[in-house]
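Under the numbering used here, the first residue of the sequence shown is numbered 187, with each subsequent residue one higher.
Report on one structure; see the data block that follows.
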Amino acid sequence: MAKATTTSPFLKVIDHSVSGENFELFENSEYGFLETHPQPSSETLPDYYKSDDYISHTDSKRNLFENVYHLVRKVSLKQKLKLINSFSSTEKTLLDVGCGTGDFLLTAKKNSWTVSGIEPNKEAREIANIKTDNSVFNSTQLSKFEPESFDVITLWHVLEHLPNLEEHIQIFKKLLKPDGTLIIAVPNYKSYDANYYKEFWAAYDVPRHLWHFNKTSISKLVSKVSMEVLKTKPMYFDAFYVSFLSEKYKNGKMSFFKGIWVGMLSNFKSVTTKEASSLIYVIKNS
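Right, dumping it as structure tokens:
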């Protein structure tokens, strides 16, 4: 946990997908992100990931929702590849932290990147290693990589899951080459859909999400280690995905049309507010 003192409580939320337990969000007075309280211990945290619905840990396509998810993922993989290609050097070394079943690593590998991945979930890691010729490791490997090893480090909806937040930011800084790029994608609690759904907003996803970010908090976090946010990019698909799930949590059933409507409204408003449901931060080392 970050060492700063927290302010008054921000919101009470429930773990809708696994335990049904109650949690509370507090705003961190130093950085501006929200902290989940209580935070599970390292021993109990894996229990909160034990759900057949945790799609990033499986390649299953059991229903329409999962099929749509994988279709969207195909499109997003191309967009992610285009983004990292714009920051590649001649060596093209990539570390994807929290790589799930390895689809992004496989896409990059097919496009001449030398890839490494970190994935704590054993089943997902085994699938990823089949795709990447055993280039994916558990979390302990982070401390074993040589300093300044990577041109690009990516965390696609992963930073919010990591304990010891400041320590991890320092590790990523150490592993990046001097002119390397850190790419972080996280939900944005300042978005329209977050404000609309409040405690039912699926992207709070407590207690798996330990932290909940806005633009100010990411900038402050990385500036502490002499890195700088160059730009942010919206993730428009996320507004629909999150709104579908939020409708289910709020009303007890999936509402396709309501989810589409709120997702569209959130994306439309973000054109002027720049507060999309999820944001990609392109961060430069220096």
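The beta-carbon is built from N, C-alpha and C at its ideal position, and this holds for glycine as well.
Please read these numbers as outputs of a predicted model, since none were measured by experiment.
- Ala425 and Ala380 have their C-alpha atoms spaced approximately 9 Å apart.
- Per DSSP, Trp342 is not a residue of any alpha helix (DSSP H); the beta strand (DSSP E) it occupies stretches across Phe336 to Trp342.
- Counting C-beta atoms within 10 angstroms of its own C-beta, Phe442 has fewer than 16 neighbours from the protein chains shown and is therefore classed as exposed.
- Listed in chain order, the alpha helix (DSSP H) elements of length 4 or more contained wholly in the region 337-386 are 351-361 and 378-383.
- Straight through space, the alpha carbons of Glu216 and Val322 are spaced by roughly 34 Å.
- For the pair of segments examined, the region 265-285 was found to touch the region 363-371: the number of CB pairs separated by less than 8 Å reaches three.
- By the criterion of a C-beta distance shorter than 6 Å, Glu346 is surrounded in its chain by Val372, His395 and Trp397, once the five residues flanking it on both sides are discounted.
- Nearest Cα to Glu461 within the set Ser409, Leu281 and Tyr375: Tyr375.
- For the pair Lys436 and Tyr383, the CB atoms are nearer than the 8 Å cut-off.
- Of the candidates Val408, Ser228, Asp319 and Trp342, the residue whose Cα lies closest to the Cα of Lys419 is Trp342.
- Distances from the CA of Glu305 to each of Thr340, Lys296 and Phe336 were compared; the closest alpha carbon is that of Thr340.
- Within the DSSP bridge table, the entry for Ser302 names Leu281 as partners.
- With a cutoff of 8 Å on beta-carbon distance, Ser429 and Ser377 are scored as not near each other.
- In the same chain as Ser405, and ignoring 5 residues on each side of it, the C-beta atoms closer than 6 Å to its own belong to Val415, in chain order.
- Here the region 285-295 makes no contact with the region 443-454; the two share fewer than three CB pairs at distances below 8 Å.
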